[in-house]
Amino acid sequence: MIKAVNLKKSFGELEVLKDINVNIEPQEVVVVIGPSGSGKSTFLRCLNLLESITDGHVYIKDRDITSKQTDINKVRTDVGMVFQQFNLFPHKTVIQNIMLSPMKVRKWQKDKAEKKALELLDKVGLAEKAYVYPDSLSGGQKQRVAIARALAMEPEIMLFDEPTSALDPEMVGEVLEVMKQLAKEGMTMVVVTHEMGFAREVGDRVIFMDGGYIVEENLPSELFGNPKHERTQAFLSKVL
Amino acid sequence: MLDFRWDIIGEYLPFFLKGALLTIGLSVGAIFLGLIFGLLMGIFRISPYLLVRTPFIWYINFFRGTPLFVQILLIHFGVMPMVMSEINPAVSALVALSLNATAYIAEIFRGGIQSIDRGQMEAARSLGMTNLQAMRYIIIPQAFKRMIPPLGNEFIVLLKDSSLAAVIAAPELMYWGRAMQGQYYRVWEPYLAVAIIYLILTLSLTYLLNYIERRMATE
Chain Y
58 MIKAVNLKKS FGELEVLKDI NVNIEPQEVV VVIGPSGSGK STFLRCLNLL ESITDGHVYI
118 KDRDITSKQT DINKVRTDVG MVFQQFNLFP HKTVIQNIML SPMKVRKWQK DKAEKKALEL
178 LDKVGLAEKA YVYPDSLSGG QKQRVAIARA LAMEPEIMLF DEPTSALDPE MVGEVLEVMK
238 QLAKEGMTMV VVTHEMGFAR EVGDRVIFMD GGYIVEENLP SELFGNPKHE RTQAFLSKVL
Chain C
5 MLDFRWDIIG EYLPFFLKGA LLTIGLSVGA IFLGLIFGLL MGIFRISPYL LVRTPFIWYI
65 NFFRGTPLFV QILLIHFGVM PMVMSEINPA VSALVALSLN ATAYIAEIFR GGIQSIDRGQ
125 MEAARSLGMT NLQAMRYIII PQAFKRMIPP LGNEFIVLLK DSSLAAVIAA PELMYWGRAM
185 QGQYYRVWEP YLAVAIIYLI LTLSLTYLLN YIERRMATE
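The listed protein sequences correspond, in order, to chains Y and C. If you read the first sequence in the working numbering, its first letter stands for residue 58, the second for the next number, and so on. If you read the second sequence in the working numbering, its first letter stands for residue 5, the second for the next number, and so on.
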């Protein structure tokens, strides 16, 4: 489903991703952990080309997104993304936020987009908030709307970039709950997070990144229970 | 001041009103054209491609960096005779004011667009929108709201600066003020009358802009 081959990314002189090789299967939930500056967010952002790729290849459903022939806008419709800062459109109501892209990109009729949006809002438990502006929502509610907005494009892959890091602690649970539900339904997910409980419970695989490399990857039970690499041990001893 | 002559103001009032109409016409026309070309130029101005960006940067440099007075003279006596067989001062004034306003408005647009959080563009692109769609539906509507105060400023400056068209004898408000001064050799009556009419125009414009700003704020 997602394949990164010798992926490298530099910002000027600074090499952030040094040599990343990952293969993610359909319906797999991969959780990426690591200290700040380890390159985990950059890695995630390379998967839908929000960051340009310096070297190597990324394949999404066998399409090489580094190739000039690939229509990246088309690929992105298959890849939903949820951001740390939500990035809802403040000048549009909740339902407009969700309907916009299906209508403009997928060219759906308004009724169809509206029906889908209401369905998704119901799913994330915010049906009654359809016609308010994002400003009036709490952080947790905003993030659930952002998830619904990404799902409205009916993606096959969802990328989560620290989705709970900007939330008050009491709101983390409601967002993780929605993500768990998605995982259960078989969505392919790549999640960058500091929520180790979520990684352990929902992840099929955990990747530990440090210094631009994948240091260790394994089943959650193995990686958390029996970390092999020294740096993984040091990191886990600090966060667990 | 003691012998303030109301009668000559009364005599010139119809001309002042006619002149004020042209002043309004020049201002509205230049605002309209400036908005259209300024928006386009503001977008090209931030193009990632140096070759696209550079000519617009220099256009803006020129029109912001030289006096409007000089631009009006250059356009009326230099450029217009090359492109039109018969030169008309009002048309020259409109062209000069529009070209000048375009440069300022392009910079206002650029500032507005660049003030929008990067995450908005990223979210739009991650949803499959093209750069153009993201600009149209997400970035520009939000930027526009922030551009209203500086645009209002520009409109007021433009309205007042249209008085420079008097030097090429475009019969706008200031032209008639000078005509009256020339006829009667009086200072206070023509210039004070003209000043008050400009003030009425700019205050009306300020009021209108505040109204628009308030309406957009509640949305």
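Glycine included, every Cβ here is placed at the ideal spot set by N, Cα and C.
- Contacts with chain C at 9 Å (Cβ-Cβ) do not include P191/Y.
- Between P191/Y and P147/Y, the C-beta gap is smaller than 9 Å, which places the two residues in contact.
- Taking 8 Å as the Cβ-Cβ cut-off, the stretch 129–162 of chain C approaches chain Y at R129, S130, L131, G132, M133, T134, Q137, Y141, I142, P145, Q146, K149, given in chain order.
- Contact check between the stretch 104–124 of chain Y and the stretch 65–84 of chain Y: three or more CB pairs, one atom from each, fall below 8 Å, which counts as touching.
- Listed in chain order, the positions of the stretch 107–137 of chain Y with a beta carbon within less than 9 Å of a beta carbon of chain C are L107, I129, N130, K131, V132, R133, T134, D135, V136, G137.
- The alpha helix (DSSP H) runs lying completely inside the stretch 241–296 of chain Y and spanning 4 residues or more are 253–259, 277–282, 287–296, given in chain order.
- Taking a beta-carbon distance threshold of 9 Å, A61/Y does not count as an interface residue toward chain C.
- The three-state secondary structure of G113/Y, taken from DSSP, is strand.
- For chain Y, the residues of the stretch 98–126 of chain C that bring a beta carbon within less than 8 Å of one of its beta carbons are D121, G123, Q124, E126, in chain order.
- By the criterion of at least three beta-carbon pairs nearer than 8 Å, the stretch 13–22 of chain C is not in contact with the stretch 76–96 of chain C.
- In the DSSP assignment, V171/C falls outside any beta strand (DSSP E), carrying neither H nor E.
- Listed along chain C, the residues sitting closer than 9 Å to M210/Y by beta-carbon distance are L131, G132.
- Contact annotation, Y141/C with L157/Y: C-beta distance approximately 6 Å; criterion of less than 8 Å satisfied.
- With fewer than three CB-CB distances shorter than 8 Å, the stretch 65–76 of chain C does not count as touching the stretch 133–153 of chain C.
- Counting the other Cβ atoms within 10 Å of the Cβ of P194/C gives 16 or more, which makes it buried.
- With respect to the C-alpha of P284/Y, the residue from G269/Y, Y270/Y, F265/Y having the closest C-alpha is F265/Y.
- Looking at P277/Y, Q290/Y, K118/Y, E72/Y, the one whose alpha-carbon comes closest to that of E252/Y is P277/Y.
- Note: G137/Y is bridge-paired with M215/Y in the DSSP secondary-structure output.
- Within the stretch 152–222 of chain C, the complete alpha helix (DSSP H) runs of at least 4 residues fall at 177–188, 192–222.
- Assignment of V89/Y by DSSP, reduced to helix, strand and coil, places it in the strand class.
- For A256/Y, the nearest beta carbon of chain C is not closer than 9 Å to its own beta carbon.
- In the three-state scheme derived from DSSP, where H, G and I count as helix and E and B as strand, N135/C is classed as helix.
- E108/Y sits in coil when the DSSP states are folded into three classes, being neither helix nor strand.
- For K161/Y, the nearest beta carbon of chain C is closer than 9 Å to its own beta carbon.
- The closest CA to that of A107/C, considering only I40/C, Y188/C, D121/C, M178/C, is found on I40/C.
- Taking C-beta atoms as the reference points, K75/Y and Y116/Y fail to come closer than 9 Å.
- The criterion of a C-beta distance shorter than 9 Å is satisfied by A174/C and A97/C.
- Bounds of any alpha helix (DSSP H) do not take in A61/Y; it lies within the beta strand (DSSP E) bounded by 59–68.
- Inter-segment contact for the stretch 162–171 of chain C and the stretch 175–192 of chain Y is absent: fewer than three beta-carbon pairs are separated by less than 8 Å.
- The C-alpha of V259/Y is placed about 46 Å away from the C-alpha of F113/C.
- Closer than 9 Å to the CB of L145/Y there is at least one CB belonging to chain C.
- Assigned with DSSP and collapsed to three states, N104/C falls in helix.
- Residue A110/C holds the alpha-carbon nearest to the alpha-carbon of R49/C among A110/C, G29/C, I79/C, S31/C.
- For K118/Y, the three-state secondary structure derived from DSSP is coil.
- Under the DSSP definition of a beta bridge, E72/Y partners with S67/Y.
- R262/Y is a Cβ neighbour of V87/Y, given a cutoff of 9 Å.
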